[in-house]
Amino acid sequence: MQLLCSLLVFGALAPFALGQDVCGTTGIAIKIPYFRSKTRSLTTAAACGTRCAGDSKCKIYAVGGGYCMHYSSPVRQAFVKTSKGTLKYYDRICAPVKLTPPAVTTTPTGGDPSGGTPAPIDIGGTITDPNIQATDSPPLPSSEVTFPTDAKSFIAGYTYDDEPLPSIVAMGSAPLAEGLLASQTGLPELPCMMDPSSNEQFNILDSSFVPLVSRTRVGIVPFPTPTSEAEAKALGPADKLVLQAFSFSKPVNAPNGVYDIVVAGSTPQYLAKTSKGALVLTGSSTGATEQTRNGQRIITSIFGLDCKGRITVAQGTTSYVWAIVNGSPRFTAGTSNKQMVTYPLKRAAAAAKARKVRRSKYTEGYAPRCPNSPPGLVAKVRPGARAAEKNGCGAANGFDFVPDFSFGTCCDDHDLCFDNCESGTYEQCNADFGNCMRTRGCDYLNNWYSYPVYLSCIKAANFYEFSVNLPTGRDAFYEANAARCGCYCSGGGLCTGRSGEGYTCTSMFGSDVKNCGACGRECSNKASCKSGSCVCPKDQCKDRCLDLKTHPKNCGSCGNVCASGYCYEGQCFNPPPDKCVSPNPFRNADFEGGSDWWSYCDDRVERSVSGTKTCGEIKNTGVLLMAWQNIESAGISTTVSPCPNQVYQLNFKLKAINTNAVTCSFKYRFGTGQWSSDYNFPSDGDRSPGPFDVGPFNAGSEGALQPVEVQLQGRVTCGGVNRISLGFDDFELVPKA
Numbered sequence: 001m002q003l004l005c006s007l008l009v010f011g012a013l014a015p016f017a018l019g020q021d022v023c024g025t026t027g028i029a030i031k032i033p034y035f036r037s038k039t040r041s042l043t044t045a046a047a048c049g050t051r052c053a054g055d056s057k058c059k060i061y062a063v064g065g066g067y068c069m070h071y072s073s074p075v076r077q078a079f080v081k082t083s084k085g086t087l088k089y090y091d092r093i094c095a096p097v098k099l100t101p102p103a104v105t106t107t108p109t110g111g112d113p114s115g116g117t118p119a120p121i122d123i124g125g126t127i128t129d130p131n132i133q134a135t136d137s138p139p140l141p142s143s144e145v146t147f148p149t150d151a152k153s154f155i156a157g158y159t160y161d162d163e164p165l166p167s168i169v170a171m172g173s174a175p176l177a178e179g180l181l182a183s184q185t186g187l188p189e190l191p192c193m194m195d196p197s198s199n200e201q202f203n204i205l206d207s208s209f210v211p212l213v214s215r216t217r218v219g220i221v222p223f224p225t226p227t228s229e230a231e232a233k234a235l236g237p238a239d240k241l242v243l244q245a246f247s248f249s250k251p252v253n254a255p256n257g258v259y260d261i262v263v264a265g266s267t268p269q270y271l272a273k274t275s276k277g278a279l280v281l282t283g284s285s286t287g288a289t290e291q292t293r294n295g296q297r298i299i300t301s302i303f304g305l306d307c308k309g310r311i312t313v314a315q316g317t318t319s320y321v322w323a324i325v326n327g328s329p330r331f332t333a334g335t336s337n338k339q340m341v342t343y344p345l346k347r348a349a350a351a352a353k354a355r356k357v358r359r360s361k362y363t364e365g366y367a368p369r370c371p372n373s374p375p376g377l378v379a380k381v382r383p384g385a386r387a388a389e390k391n392g393c394g395a396a397n398g399f400d401f402v403p404d405f406s407f408g409t410c411c412d413d414h415d416l417c418f419d420n421c422e423s424g425t426y427e428q429c430n431a432d433f434g435n436c437m438r439t440r441g442c443d444y445l446n447n448w449y450s451y452p453v454y455l456s457c458i459k460a461a462n463f464y465e466f467s468v469n470l471p472t473g474r475d476a477f478y479e480a481n482a483a484r485c486g487c488y489c490s491g492g493g494l495c496t497g498r499s500g501e502g503y504t505c506t507s508m509f510g511s512d513v514k515n516c517g518a519c520g521r522e523c524s525n526k527a528s529c530k531s532g533s534c535v536c537p538k539d540q541c542k543d544r545c546l547d548l549k550t551h552p553k554n555c556g557s558c559g560n561v562c563a564s565g566y567c568y569e570g571q572c573f574n575p576p577p578d579k580c581v582s583p584n585p586f587r588n589a590d591f592e593g594g595s596d597w598w599s600y601c602d603d604r605v606e607r608s609v610s611g612t613k614t615c616g617e618i619k620n621t622g623v624l625l626m627a628w629q630n631i632e633s634a635g636i637s638t639t640v641s642p643c644p645n646q647v648y649q650l651n652f653k654l655k656a657i658n659t660n661a662v663t664c665s666f667k668y669r670f671g672t673g674q675w676s677s678d679y680n681f682p683s684d685g686d687r688s689p690g691p692f693d694v695g696p697f698n699a700g701s702e703g704a705l706q707p708v709e710v711q712l713q714g715r716v717t718c719g720g721v722n723r724i725s726l727g728f729d730d731f732e733l734v735p736k737a
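For the sequence shown, the UniProt record's numbering begins at 1 and goes up steadily by one.
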């Protein structure tokens, strides 16, 4: 377990003799870093710290604003602590220990069943290219229909839908594949193991987690082994045993970070180091200067505390190792990985209470995996992420700080829990880690003859649980989170807003016409979105969007034309004639009857050239085709029957069959009215220039012959002498509302 080594191993460098280690403290730089990098792989505290640990020049490192920075100055000279800072500073001792990754990977409990291979992220469907096809809706089911009794009102308000097929206004893009991560700024501050200025009480444990206790006429000694089962039972359960408490006391005029350690009790007793390295008790503080008491040179104000709960000892510029030597506490000049540690009683009580608290999986606590916005995010294994890994409890710097307890599987489970995006929360992983060590790791020692070892095991388990809740533990959690996890919508995909800023959880496979089948894929006006595809809002016949309940030419089913021109609830309605009824005043407007009711090659104008001059119809069904040679212009005409006092919209299609690169135009007029503008035939395919407002056609105006009959004249004009064939189709006069 790389994290545990990082948190608990006593570093090879001598810790600061005075004060605490700085691990994740916010501040402002007062020195210039000798190394500064914006490389993405170095921007986490763990990665930046690993590089610092491999550089002998590095004394302190900092991360923030996308940078990793190394300083050669000691921690107290490199920055000033302030909540307004943008960087987090770390002592070199905070850096994680680099271990060789294991060859075997395991899936975390409740994680990916495939052994760590990420499953595809479910966004509710599959992003595909849009494909809008011309097709027919199925006929409406047959049913009994009661037609309107007020035909006049029905006709006055009669309308029907007829629109082109939907189109894609904006293609859009796929949702965010890598997911979101929670910001690591603005998080609740994680305190150090304990604050020596708070006067809170603690137990003292040696590097094997054996508690120190006070014995009358003996002083401070390691917890003694019971000599019988009865003596062990008299002590009570080891996990509830009340041990000797101590507290820090700040001496008057002592340097910053220098404290006394006082035995809790009614009569103050101070821990003191003799000039020969022994530990004795004295009734008052000596301050930072040695004094002679009871014939011995002693000093009390020599203790400090780092952020990880380790007690440092220094007298002047000399560091000391405080350890159990031959059964007694001794101070030896030098440095070592083995140090005494504090076991804070306040933290122990809070940890026991916190183990009962269940939090939201993803957005609460000291280290949420996911941001709060957009709401409802869930953490999942990111596509392409590494497999889940475990590293055991590990060792570092030549000393295995983890004692010979059976914590290996617990360390593995803790690694895998940090890697378990779906169900591994920071607090719960740490609580489960502690419970595992206290049970699987220590229960086998719960015998009277191994009482002290069991007690040490319980204390070690609790201390390790405290340690993984320190800032470096949270950094390790976020390093695993960034390597493995992404936060995704529980339904839909992560789409950016229309301005490109921020993310929302968007259902792309429902009815949202602004996100239809992809983020930002927008359907055209009047279209609907169905299951992620832009479709007609009601029904479709070939390339038109309409409503089979009201369309007079597609009434109830595609192609069913109502002679009356009215469709009601999918059935043709024939209202009593109390007014002029002429849905389409053209006869044979679609030329399904060939050229019936039409005249063509009218008033032709021949070119003044030699050669054959012809103009005629090419027999066809569904289009009026004219073919000519050496003709400059010719007309077509028919008689239409519009209703009087009604404005219409004129529609028609011009078809280019063979123009031989000659420009041809068409104009029209009704009766003896003004000619329209010229509208060019397309170079190929069809062209629908309309609709054009025409009418009303009242008797005696615009040359109308009868109130409901008027002649439509059209004129085609072409340049050149080549053979030309042109066509017309789909003439229509639609009453304008």
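Think of the CB as a built atom: it goes at the ideal place given N, C-alpha and C, for glycine as much as any other residue.
| Asked | Found |
| --- | --- |
| T300 in three-state terms, based on DSSP | coil |
| For G616, the nearest candidate out of R607, D602, V609 (CA to CA) | D602 |
| Three-state class that DSSP yields for V609 in the structure shown | coil |
| Touching by the beta-carbon criterion (3+ pairs, under 8 Å), the region 48-63 and the region 78-97 | yes |
| Every unbroken beta strand (DSSP E) inside the UniProt domain "Apple" (23-94) [3 residues or more] | 23-29, 35-37, 60-64, 67-71, 79-81, 87-91 |
| C-alpha gap between C536 and A737, whole angstroms | 23 Å |
| T274 beta carbon less than 8 Å from that of T300 | no |
| Given I127 as reference, the closest of L140, Y89, A177, K240 once Cα atoms are compared | A177 |
| Short Cβ contact (8 Å threshold) for W598 with L624 | yes |
| Beta-carbon proximity of C487 to R369, cut-off 8 Å | yes |
| Buried/exposed call for Q706, threshold 16 Cβ in 10 Å | Residue confidence is low: Q706 scores 46 on pLDDT, short of 50, so the model does not pin down where it sits. Its coordinate-derived value is still stated next. With fewer than 16 other Cβ atoms within 10 Å, it is exposed. |
| Cβ-heavy atom distance, F246 to the ligand FMN, below 7 Å | Within the structure as shown, the ligand FMN is missing, as the structure has no ligands at all. |
| Option in N294, C664, F681 with minimal Cα separation from G690 | F681 |
| From S167, R92, C442, residue whose alpha carbon lies closest to that of V22 | R92 |
| Segment contact flag, the region 207-224 with the region 459-466, C-beta cutoff 8 Å, min 3 pairs | yes |
| Cβ shell of V104 (< 6 Å), same chain only, five flanking positions each side left out | Low per-residue confidence applies at V104: pLDDT is 30, beneath 50, and the placement is therefore not dependable enough to give any value. |
| Backbone secondary structure at R347 - three-state DSSP | helix |
| Assumed close pair R484, D419 - CB separation to whole angstroms, cut-off 8 Å | 5 Å |
| Coil, strand or helix - W598 by DSSP | coil |
| Buried or exposed by the 16-neighbour rule on C-beta atoms within 10 Å, applied to N203 | buried |
| Residues of its chain near M437, where Cβ-Cβ distance is below 6 Å and the 5 sequence neighbours each way are ignored | F407, C410, A461 |
| Where W322 sits in the DSSP three-state scheme | strand |
| Straight-line Cα distance separating S725 from S167 | 32 Å |
| Whole-angstrom C-beta distance between N554 and C541, which should lie under 8 Å | 5 Å |
| W628 in three-state terms, based on DSSP | strand |
| Three-state secondary structure assigned by DSSP to N256 | coil |
| Beta-carbon spacing of T506, C94 below 8 Å | no |
| CA-to-CA distance, A476 to N294, given in whole angstroms | 50 Å |
| Best match in C48, P33, Y34 for proximity to R40 [C-alpha to C-alpha] | C48 |
| Three-state secondary structure (DSSP) of R604 | strand |
| Residues near G172 by beta carbon distance below 6 Å, same chain, minus five either side | A518, C519, G520, R521 |
| Nearest-angstrom Cβ-Cβ length linking S633 and R715, presumed shorter than 8 Å | 6 Å |
| Segments of 3+ residues assigned as beta strand (DSSP E) that fall wholly inside the region 468-550 | 485-489, 493-496, 503-506, 528-530, 533-535, 539-542, 544-546 |
| Assigned exposure category for W675 - 16 Cβ within 10 Å defines buried | exposed |
| L305 to G384 span [Cα, whole Å] | 43 Å |
| Supposed close pair L140, L548 - CB separation, criterion 8 Å | 5 Å |
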